[in-house]
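Quick notes on the structure that follows.
Laid out in C-alpha cells, this is it:
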C-alpha cells in the first residue's frame, strides 16, 4: 500500500482500480518460524494472543485445546488497474469461514485503507458464493429483480458508487450447473427426472439435448460441435471454465438447430429452445468477457462510441430473455432459490 501511495504522488493521473476478493484453500498446519506463528485463523487483530501462545509452545507448556483454530482458507484482496496495466495483491486473511457481515467489515476496512493511500475503487469483483452476495447486501446492494435492483453500494469514505461485477467465468459455470439440473438422475428410481426450463415462447430448455448431441456424434463418427463426454460429465472437472463455455456456445446452438431443422432428427424435436438458450448465454459471455480489440465475435469487442448501441441492444435482449425463463413449476428462474 505504501508503494501505491508513492506511485499516486509521483504520477499526474489518479490510480483507479477494480478490487477483487477471492478465497482459496490452504493446507491446515501450524508453523513456527523466526519466533512467528503461522497457520491459525488471523484477521489481523490477534497478534498479542499469538505471542503468548508462541511462548507456551517454546516452553513446552502449550495446551492443544487452547491453541488457535487452524485456518483452512486464505481470503485475498487484489487490485487490478483500470487506467494502467498492472495488478497487485493488497492484503490477505487466514480464515475458516466468514459470514456476510464479517466480509463486509473487511471490505469497509479495505476501502478505508485504499482511500488513505490514494486508490480510487469504482468496482468490486467476487465469485458466485452466496456469502459474497450477502456481504454486498450488507454494504447496501440489492440483487432482487425489479425496480429496487441496485448492483452497487456507496463507498464508506467517499460515498461514490462501487459497482459489483460478479466473476464472469464463475457465473457461466453456475448457469451451466443450473442448466444441467433440468435433467437430474434420481437414485431411488434409477431414472432421469426431466425438469426443463421454458422460455418466453414456451419452448423447453433441457440438458437432455446436450447428451444427445454427444451420442449422435459418437454413433455417426462426425463432429457437429466441440461437445464430448467430458462436457456431459462436467462434475469430474467442475472448475474447468472451458467446458462450460463450450457447452453454452455458438457451435452447440448451431448443432441443435441443424439436427432439428435440417436433418429433422426425431431425437431433437423441440430442441430450438435449448439452441436459443445456448446462443443467448454465448453472447452474454462474449459481452462480459471482452479482453482484446482483435476479436472476431460481434459482441466480444470492448464498448466504444461506434458499437455502444449494438451492444446495448443485445444486452437488453439478453436481460429480457433471462427474465422470461421459467422453471418446471412455472415460476420465474431469477426469483427461485437457485441463482445462476
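Numbering (this note's numbering), first residue to last: 3 to 342.
Backbone N, C-alpha and C fix where the C-beta goes; we use that ideal spot for every residue, glycine too.
Computed from a predicted model, the values in this text were never measured in an experiment.
Taking the alpha-carbon of residue i as reference, which of the options has the nearest alpha-carbon?
i           : options            : result
residue 209 : 239, 12, 198, 328  : 198
residue 204 : 30, 6, 329, 73     : 329
residue 97  : 245, 305, 30, 290  : 30
residue 87  : 306, 323, 311, 293 : 293
residue 28  : 36, 17, 18, 42     : 42
residue 288 : 272, 305, 18       : 305
residue 171 : 319, 286, 17       : 286
residue 334 : 11, 207, 315, 200  : 200
residue 331 : 266, 184, 277      : 184
residue 73  : 103, 94, 338       : 94
residue 75  : 99, 89, 85         : 99
residue 162 : 277, 117, 32, 240  : 117
residue 276 : 260, 291, 265, 290 : 260
By Cβ distance, which residues of its chain are closer than 8 Å to residue i, with the 5 residues on each side in sequence left out?
i           : result
residue 50  : For residue 50, the predicted structure reports a pLDDT of 47, less than 50, and the residue's modelled location is therefore unreliable. A value from the coordinates is still provided. Excluding positions up to five away in sequence, the list is empty.
residue 216 : 229, 230, 231, 233, 234
residue 251 : 227, 228, 280, 284
residue 110 : 141, 158
residue 13  : none
residue 71  : 42, 43, 98
So if DSSP puts residue i in a beta bridge, which residue, or which two residues, is it bridged to?
i           : result
residue 160 : DSSP output for residue 160 lists no bridge partner at all.
residue 20  : 82, 125
residue 34  : 39
residue 328 : 200, 334
residue 265 : Answer is none; residue 265 lacks a bridge partner.
residue 26  : 76
residue 152 : 144
residue 166 : 126
residue 44  : 96
Cutting at 6 Å between CB atoms, please list the residues of its own chain near residue i, excluding the five before and the five after it.
i           : result
residue 269 : 214
residue 388 : Since the displayed the chain opens at 3 and closes at 342, residue 388 lies outside it and no answer follows.
residue 323 : 282
residue 320 : 282, 286
residue 105 : 137
residue 7   : 119, 120
residue 83  : 19
residue 273 : 211, 258, 262
Using a Cβ-Cβ cutoff of less than 7 Å, which residues in the same chain neighbour residue i once the five nearest sequence positions on both sides are dropped?
i           : result
residue 166 : 126, 138, 143, 153, 154
residue 247 : 174, 287
residue 33  : 40, 41
residue 115 : 3
residue 103 : 140
task = Count the CB pairs spanning the stretch 143-157 and the stretch 218-229 that are closer than 8 Å, and state whether there are at least three.
result = no
request  = Could you pull out every unbroken alpha helix (DSSP H) segment of at least 4 residues lying fully inside the stretch 185-259, listed in chain order?
outcome  = 210-222, 231-234, 243-249, 252-259
message = Under 8 Å: do the stretch 119-139 and the stretch 8-25 share three or more Cβ pairs, one atom per stretch?
response = yes
request  = Quick one: which unbroken alpha helix (DSSP H) runs of 4-plus residues sit fully inside the stretch 75-149? Chain order, please.
outcome  = 102-118, 132-141
request  = Would you check if there are 3 or more beta carbon pairs closer than 8 Å linking the stretch 253-262 to the stretch 133-147?
outcome  = no
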